[in-house]
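Following: one structure in structure tokens, then a few remarks.
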Amino acid sequence: MSVSNLPGGETAAQLDPVVDAAAEEAARKAASKEAADTVLKAFGGVRGMIDMTLPGLVFIVTYNLTHQVSTSAWAALGLSALFVVARLAKRETIQHAFSGVFGVALGAWISMKSGKAEDFYLPGLLWNVGYCIALATSALVRWPMIGVMLGPITGEMFTWRKENPGRLAAYTKATWAWVVIMGLKPLVLFPLYFTHNVNLLGWLKVALGIPPLLLAMYVTWQILLKAPPPIKAQLDEDEPAE
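In case it helps, the working numbering puts the sequence shown at residues 599 to 840.
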């Protein structure tokens, strides 16, 4: 007996592909959202990008108004400290805000010691170079930094290293993408640092703060969409108490 002769058989046969397509689309959207949320969370989200960018903007604006290195440095440092206090008051993580205030404090100290406004940006430039070197090294030794950062967030921890080769390849590819994208910043900004053109350096530093980061996050998201799903790490269960 054919399916069409069964009660409701024809309708069921016609609906199955529709149901399968809907389920596949729902799974695709869920995977897309999970990948996007994972990447955004790992790098501090919109709030983290603001915390890292605004102090540099405050410095260059204040410097243009006052032409005083110390006043500009204290203004930027004060804003960074305010971000930390605000996060503490809301009981939010201070990881990104604290790293920002540390970098600003170091730049403020160096610029006030030397009296050169461009030195405020020197720690950030050196950090960018070091970060790219660390990313490249991690990819070469098969411990891609993007995987190390995202693994705990996805719940897979480090299962991607030996149990999920497709995931390892994706994290390695994403890490190299970060090397290329983030490496453009020091290539553009370091020559300007040596020209002592503080205004151009400062404004370009602000302009090149968020866009490359967003691009690197977008590329990572696209790579993860095509990667195998994460294999959740199996944590050892505590032995029952006697």
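Ideal Cβ placement from N, Cα and C applies to all residues, glycine included.
All values derive from a computational prediction rather than experimental measurement.
Check for me: the alpha helix (DSSP H) holding residue i runs from which residue to which?
i      : result
ARG759 : Counting along the chain, ARG759 falls outside any alpha helix (DSSP H), and DSSP gives it neither H nor E.
TYR816 : 808–823
PRO784 : 763–793
TRP551 : In the structure as shown, the chain begins at 599 and stops at 840. Residue 551 is therefore absent and cannot be evaluated.
TRP674 : It should be pointed out that residue 674 corresponds to Ala in this sequence rather than to Trp. First-last of the alpha helix (DSSP H) with ALA674: 667–687.
GLY713 : It is not in any alpha helix (DSSP H) - GLY713 carries neither H nor E in the DSSP assignment.
ILE751 : 743–752
ALA831 : Looking at the DSSP string, ALA831 is not in any alpha helix (DSSP H), and its letter there is neither H nor E.
For residue i, which residues of its own chain have a beta-carbon under 7 Å away from its beta-carbon, when the five flanking residues on both sides are left out?
i      : result
LYS830 : GLY753 and GLU754
ALA703 : LEU675
SER668 : MET710
VAL683 : none
ALA825 : GLY764, ARG765 and ALA768
LEU604 : Its pLDDT being 47, under 50, LEU604 is placed unreliably by the model, and the measurement read from it follows with that caveat. Once the five neighbours on either side are set aside, LEU604 has no close Cβ partner at all.
ALA734 : VAL777
Can you list, in chain order, the residues of its chain whose CB lies under 6 Å from that of residue i, leaving out five sequence neighbours each side?
i      : result
VAL727 : PRO784
ASP836 : Any answer about ASP836 is weak, because its pLDDT of 46 lies below 50 and its placement is not dependable; what the coordinates show is given next. Hits under 6 Å: none found.
ARG689 : none
LEU806 : LYS783
THR757 : ILE829 and ALA831
ALA732 : none
CYS730 : VAL777, MET780 and GLY781
SER670 : PHE657, THR660 and TYR661
PRO827 : none
Comparing alpha-carbon positions, which option in the options lies nearest residue i?
i      : options                           : result
ARG740 : PRO721, ARG765, TYR719 and LEU720 : ARG765
PRO789 : VAL777, LEU802, LEU663 and ALA767 : LEU802
PRO742 : PRO763, TRP725 and LEU723         : PRO763
LYS714 : VAL796, GLY807 and LEU812         : VAL796
THR818 : SER670, MET780 and GLY807         : MET780
PHE792 : LEU723, GLY654 and GLY646         : LEU723
GLY698 : TYR729, ASP717, ASN662 and GLY654 : GLY654
PHE718 : PRO810, LEU787 and GLY749         : LEU787
ARG685 : ARG645, ALA734 and SER712         : ARG645
Taking Cβ positions, are residue i and residue j nearer each other than 8 Å?
i      : j      : result
ALA843 : TRP774 : The structure shown does not extend to residue 843, since the chain is modelled only from 599 through 840, so no value can be given for it.
PHE657 : GLY745 : no
LEU720 : GLY705 : yes
ALA679 : THR660 : no
ILE751 : MET647 : no
HIS665 : GLU716 : no
Excluding the five sequence neighbours on either side, which residues of its own chain have a C-beta within less than 8 Å of the C-beta of residue i, listed in chain order?
i      : result
ILE821 : ALA768, LYS771, ALA772 and ALA775
ARG759 : ARG740, TRP741, GLY745 and LEU766
VAL577 : Here the chain has residues from 599 to 840 only, and residue 577 is not among them.
LEU798 : LEU790
TRP725 : GLY701
ILE708 : ASP717, PHE718, LEU720 and PRO721
Report yes or no: is there a C-beta of chain D within less than 8 Å of the C-beta of residue i?
i      : result
VAL786 : The chain inventory of the structure shown lacks chain D, comprising one protein chain alone.
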